[in-house]
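*Asks:* Using UniProt numbering, you'd call the opening residue of the sequence shown number 1 and step up by one each time. Heads up, the beta-carbon is just placed ideally off N, CA and C, and yes, glycines get one too.
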Amino acid sequence: MPSVERSKGLGAMLRGLFDIATTQIGRRLRDKNVTIAVMGPTGVGKTSFINRASGSDLRVGAGLESMTQDVQRSQPFQLGDYRITLIDTPGFDDTRKTDAEILLQISNHLSMIARERRYLSGVIYMHRITDNRMGGVATRNFRMFMHLCGEQALPNAAIVLNMWNEVNADVGNARRQELLTNEKFFKPAITAGAKAFEHDDTVQSAHRILCHLAQQPPKILLIQQEIVRKHVQIGMTSAGLALLQDLVDKEVKHRDRLQQTQKDIEEAIRQREEGDRVELEEALRELESTYKKLVQQKTSLLPTRSTRSWRPLLLRRLKHRATNVESSPQSLLS
Numbered sequence: 001m002p003s004v005e006r007s008k009g010l011g012a013m014l015r016g017l018f019d020i021a022t023t024q025i026g027r028r029l030r031d032k033n034v035t036i037a038v039m040g041p042t043g044v045g046k047t048s049f050i051n052r053a054s055g056s057d058l059r060v061g062a063g064l065e066s067m068t069q070d071v072q073r074s075q076p077f078q079l080g081d082y083r084i085t086l087i088d089t090p091g092f093d094d095t096r097k098t099d100a101e102i103l104l105q106i107s108n109h110l111s112m113i114a115r116e117r118r119y120l121s122g123v124i125y126m127h128r129i130t131d132n133r134m135g136g137v138a139t140r141n142f143r144m145f146m147h148l149c150g151e152q153a154l155p156n157a158a159i160v161l162n163m164w165n166e167v168n169a170d171v172g173n174a175r176r177q178e179l180l181t182n183e184k185f186f187k188p189a190i191t192a193g194a195k196a197f198e199h200d201d202t203v204q205s206a207h208r209i210l211c212h213l214a215q216q217p218p219k220i221l222l223i224q225q226e227i228v229r230k231h232v233q234i235g236m237t238s239a240g241l242a243l244l245q246d247l248v249d250k251e252v253k254h255r256d257r258l259q260q261t262q263k264d265i266e267e268a269i270r271q272r273e274e275g276d277r278v279e280l281e282e283a284l285r286e287l288e289s290t291y292k293k294l295v296q297q298k299t300s301l302l303p304t305r306s307t308r309s310w311r312p313l314l315l316r317r318l319k320h321r322a323t324n325v326e327s328s329p330q331s332l333l334s
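1. Tell me whether Ala174 is buried or exposed, calling it buried when 16 or more other Cβ atoms sit within 10 Å of its Cβ.
2. For Lys230, which three-state DSSP category applies?
3. Could you tell me the distance, in whole angstroms, from the CA atom of Lys292 to the CA atom of Asp256?
4. Between which two residues does the beta strand (DSSP E) holding Thr85 run?
5. Can you tell me which of the three DSSP states Ile124 falls into?
6. Ends of the beta strand (DSSP E) at Phe77?
7. Any contact between the stretch 139–156 and the stretch 217–236? By contact I mean 3 or more CB pairs, one from each, below 8 Å.
8. Can you give me the Cβ contacts of Asn132 inside the same chain, cut-off strictly under 6 Å, excluding the 5 residues immediately before and after it?
9. With Leu161 as the anchor, note down where its beta strand (DSSP E) starts and where it stops.
10. Apply the 10 Å Cβ neighbour rule to Thr237 and answer buried if 16 or more other Cβ atoms are within range, or exposed otherwise.
11. Can you look up Ala194 in the DSSP assignment and give me helix, strand or coil?
12. Can you tell which of Lys263, Glu288, Leu287 and Ser289 has its C-alpha closest to the C-alpha of Arg277?
13. Starting from the Cα of Gln72, find the closest Cα among Gln78, Leu79 and Thr85 and give me that residue.
14. Measure the alpha-carbon distance for Ala53 versus Met144 and round it to whole angstroms.
15. How many angstroms separate the CA atom of Lys97 from the CA atom of Gln75?
16. How should Asn168 be labelled, buried or exposed, when 16 other C-beta atoms within 10 angstroms of its C-beta is the threshold for buried?
17. Please name the residue in Ser205, His231, Glu281 and Gln225 whose C-alpha comes closest to that of Arg118.
18. What are the boundary residues of the beta strand (DSSP E) that Ile50 is part of?
19. Count the other CB atoms, across all protein chains shown, that sit within 10 Å of the CB of Thr42; report buried if there are 16 or more and exposed otherwise.
20. When you compare only the Cα positions, how much space is there between Arg285 and Val171?
21. Would you kindly check if the distance between the Cβ of Leu154 and the Cβ of Ala192 is under 7 Å?
22. On the three-state DSSP scale, how would you describe Lys97?
23. Val71 by DSSP, collapsed to three states: which one?
24. Assuming Arg44 contacts His127 under a Cβ cut-off of 8 Å, what Cβ separation, rounded to an integer in Å, is found between them?
25. Provide the residue(s) that pair with Ile36 in DSSP beta bridges, ordered along the chain.
26. Near Tyr82, which residues of its chain fall below 6 Å by C-beta distance, leaving aside the five closest residues on each side in sequence?
27. Mark Thr139 as exposed unless 16 or more other C-beta atoms lie within 10 angstroms of its C-beta, in which case mark it buried.
28. For Gln46, count neighbouring Cβ atoms within 10 angstroms of its own Cβ and tell me buried if that reaches 16, exposed if not.
29. Tell me which residue opens and which closes the alpha helix (DSSP H) that Ile145 is part of.
30. Give me whichever residues DSSP pairs with Lys219 in a beta bridge.
31. In this structure, does DSSP put residue 381 in helix, strand or coil?
32. Report all residues from its chain with a CB closer than 8 Å to the CB of Ala242; omit the five preceding and five following residues, and keep chain order.
33. Do you know offhand how far Leu120's Cα is from Ala283's?
34. Give the secondary structure of Lys263 by DSSP, where H, G and I count as helix, E and B as strand, and everything else as coil.
35. In whole angstroms, what separates the C-alpha of Ile129 from that of Thr261?
36. Glu273 by DSSP, collapsed to three states: which one?
Encoded structure:
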């Protein structure tokens with residue numbers, strides 16, 4: 001009998017060890033599954049990069065027209081020990097959707113991942129090294145990238161200077177130096193731990209970047225922390241507030257232009273300048289249409305609850321944007 005009991009005990013112990021080993025192997029396999037998001041302006045080459053790296057066939061836009069209207073994912077692909085999935089995101093200058101719609105799409109997708117307790121091993125921001133300056137569109141996209149990631153996730157970020165094969169080496173190196181050392185451009189991200197890479201549109205180049213990111217421990221992004229863990233509404237997140245500030249700034253400028261155009265129309269009528277009046281009225285209609293869309297975007301980001309708890313913070317954040325206009329910050333949120 002003792003031998004039977006010892007046999008049973010040994011069997012139970014072996015089964016326990018097997019279960020532990022299986023669990024650990026399963027955990028290691030799950031850890032090998034890597035998700036990386038790719039961000040940047042429209043036309044910078046995000047989808048082409050993903051297709052090149054993964055062998056996927058996501059639709060690529062022609063010129064500056066975006067085909068990435070929605071967040072889309074590549075097929076998982078093997079790269080060394082890692083099984084990688086890439087997330088393609090539309091830029092904040094999309095040709096068919098507003099910036100507010102883009103922010104909602106990206107934040108919803110990232111929140112869904114976080115709720116499944118799957119975090120990103122890396123986030124790529126792509127920039128065309130062929131651009132001779134970093135204009136307003138690129139600056140706005142990078143600012144939103146920083147607000148989405150948060151400083152704590154930037155060690156998992158890669159600044160990818162795309163189209164490196166299309167510029168002279170001296171020109172490319174000079175632009176790289178300026179982009180990475182200027183506080184107005186990428187230096188804040190580099191200082192916080194992001195790494196810069198050149199990409200020459202080859203599979204090898206793309207895989208080198210992905211291998212670096214795949215080795216990083218997954219981290220939660222700021223937008224995921226805010227929405228999933230803290231239950232912050234989109235307009236009150238760091239990215240949401242940044243976009244609201246931009247929208248209010250544009251709204252104020254368009255309001256000024258509307259008022260000035262209306263005055264110009266009245267003057268054209270007094271001077272009986274019929275041709276000028278017709279042109280100005282057409283310009284007024286376009287301004288009114290744009291102004292209406294800006295207000296709609298702003299409204300879509302504002303918290304839906306009727307409580308006033310969010311208003312003081314928004315007013316403080318937006319106050320400096322309204323210092324040069326007659327209307328108060330309060331009216332800008334109405």
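*Replies:* In terms of the structure at hand:
1. exposed
2. coil
3. 14 Å
4. Tyr82 to Asp88
5. strand
6. Phe77 to Leu79
7. yes
8. none
9. Ala157 to Asn162
10. buried
11. coil
12. Lys263
13. Thr85
14. 25 Å
15. 25 Å
16. exposed
17. Gln225
18. Here Ile50 belongs to no beta strand (DSSP E); instead the alpha helix (DSSP H) covers Lys46 to Ser54.
19. buried
20. 44 Å
21. yes
22. coil
23. coil
24. Per the sequence shown, residue 44 should be read as Val rather than Arg. With a Cβ gap of about 6 Å, Val44 and His127 count as contacting.
25. Leu86 and Gly122
26. Lys32, Val34 and Ala214
27. exposed
28. The sequence shown places Lys at residue 46, rather than the Gln named in the question. The residue is buried, with at least 16 neighbouring Cβ atoms inside 10 Å.
29. It is Phe, not Ile, that sits at residue 145 in the sequence shown. First-last of the alpha helix (DSSP H) with Phe145: Gly136 to Cys149.
30. Leu120
31. This structure leaves residue 381 out entirely; the chain is present only between 1 and 334.
32. Arg143, Met144 and His147
33. 46 Å
34. helix
35. 39 Å
36. coil
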